[in-house]
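When the letters of the sequence shown are read in order and numbered with the numbering used here, they come out as residues 1366 to 1704.
Below is one structure, written out as structure tokens, with a few remarks after it.
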Amino acid sequence: MKLIRFLVFPFAVVYDLITRVRNFLFDRNVLKSTSFDIPVIAVGNLSVGGTGKTPQIEYLIRLLQQDFKVAVLSRGYKRKTVGFQLVNKTHTAEDVGDEPLQFFSKYEDIHVAVDANRTNGIHQLLTEVKPDVILLDDAYQHRKVKAGFYILLTKYNDLYVNDFLLPTGNLRESRRGAKRADVIVVTKCPNELNENEMKSIKKRLQLLPSQQLYFSKIEYNEHLKGTDSELQLGDLKEEIVLVTGIANPTSLLSYLKDKKIDFTHLKYPDHHHFSEQDIFKIKKEQSKLQSDNKIILTTEKDYVRLKGKLENLYYIEIHNSFLSNQESFDLEVKKFVNK
């Protein structure tokens, strides 16, 4: 691996130059960014996947939906449609992407749309929906839109200051891009993270005086949901099949092991579209289970792609929780939206 990283390092230098020039042109208004009168919050990261954008977006939805008309705009990664789509009940994950469909299915009082052209997407939402606030999913590098508030996520065990640019590392742009953030959230932290380590991380990130830093963790719901029934994670006494199509399932694997759940893991790439061959393979593994129920467990994101294709399919919900200063984060977000 080290040899490969060394060999592709020249490409990382070229990539750095390209992204640096692009950001410079946006910073100097040579390339134009569109601002909007409506509050726009962009959530994203500097690295490729796995930082917990989906639970962070859902946290913001829960925080704001009672007081504001919320819309979520995503590009709809790996969808088979093009252009602007306002998600409705007829759409599938193939039509609009798994995460947008998950947001739509889970929260009845919000509007969800997809458009690779975020500027056009916002204009369409303003015309068709007239929301009070728009959440931009995975839009930190989408500089054609100038959001009013930027939330940058970085994973606890893979901080952007310890990473390198693509293809040597996993950074989409240089760590200098973190300066655009209003808030930085260190995600997927361990429960036992102490104050001294928080201070150490804050020092390493070298925040600007105007930036705020928060620490969050992922929590799993032990109440599993299926198409027609529900069950408790603690009731799974026999081996199950675990199916994941997410960037980094390590946290989930560790959680299930801590809960003494015996499972066979079928791992697929992030946002994977499950083919007939994939479904056949999953069913084959399911048939090998010794229990009568033959449970298949998956993530919430994968469930929207697998629903209706497998029997005894359940998903495990996750949500984002702050280790400290949650009230401060909530206040800062609401203050921006109210402004």
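Cβ atoms here follow ideal geometry from the backbone N, Cα and C, with glycine treated the same way.
Source: prediction; values computed, not measured.
- Contact between Ile1406 and Ala1512 holds: CB atoms are separated by about 6 Å, below the 8 Å threshold.
- Assignment of Leu1671 by DSSP, reduced to helix, strand and coil, places it in the helix class.
- Residue environment analysis places Asn1522 among the exposed positions, since fewer than 16 neighbouring C-beta atoms fall within 10 angstroms of its C-beta.
- Distance check between Phe1433 and each of Thr1664, Asp1474 and Gly1441 places Asp1474 closest, using alpha-carbon atoms only.
- Boundaries of the alpha helix (DSSP H) around Val1702: Gln1691 to Asn1703.
- Judged by pairs of C-beta atoms under 8 Å, the segment 1419-1431 touches the segment 1498-1505, as three or more such pairs exist.
- For Asp1502, the pairing in a beta bridge is given by DSSP as Val1408.
- In the DSSP assignment, Tyr1620 falls outside any beta strand (DSSP E) and within the unbroken alpha helix (DSSP H) covering Thr1615 to Asp1623.
- At least 8 Å separates the beta-carbon of Ile1549 from that of Leu1530.
- Residue nearest to Arg1545 within the set Asn1527, Asn1556 and Gln1576 is Gln1576 (criterion: CA-CA distance).
- Here Phe1639 is near Lys1674, since their CB atoms are less than 8 Å apart.
- The alpha carbon of Pro1574 has as its nearest neighbour, out of Ser1581, Glu1665, Asp1547 and Ser1693, the alpha carbon of Asp1547.
- If you check the CB distance, Leu1654 and Glu1595 do not come in under 8 Å.
- A Cβ-Cβ separation of about 10 Å leaves Glu1682 out of contact with Gln1467 under the 8 Å criterion.
- In the three-state reduction of the DSSP assignment, Thr1609 falls in the strand class.
- Look at the segment 1525-1579 and you find these whole runs of beta strand (DSSP E), each 3 residues long or longer: 1548-1552.
- Distances from the CA of His1684 to each of Asn1703, Lys1582, Asp1623 and Glu1692 were compared; the closest alpha carbon is that of Lys1582.
- A distance below 6 Å between beta-carbons, with the five flanking residues on each side excluded, links Gly1415 to the following residues of its chain, in chain order: Ala1612 and Asn1613.
- Nearest C-alpha to Gly1417 among His1636, Thr1552 and Glu1676: Thr1552.
- The continuous beta strand (DSSP E) containing Ser1686 extends over residues Ile1683 to Phe1687.
- For Phe1433, there is no enclosing alpha helix (DSSP H), as DSSP marks it with neither H nor E.
- Around the CB of Phe1645, fewer than 16 other CB atoms lie within 10 Å, so the residue is classed as exposed.
- Counting along the chain, the unbroken alpha helix (DSSP H) around Thr1492 starts and ends at Arg1483 to Glu1493.
- DSSP, read as helix, strand or coil, puts Asp1480 in coil.
- Here Lys1445 is exposed, its C-beta having fewer than 16 other C-beta atoms within 10 Å.
- The beta carbon of Leu1618 sits closer than 6 Å to none of the beta carbons in its chain outside the five residues before and after it.
- Cα atoms of Asp1627 and Pro1404: separation of roughly 46 Å, rounded to the nearest angstrom.
- In the structure shown, Gln1642 adopts helical secondary structure according to DSSP, grouped into three states.
- The DSSP-derived three-state label of Leu1396 is coil.
- Judged by their CB atoms, Leu1428 and Val1698 are nearer to each other than the 8 Å cut-off.
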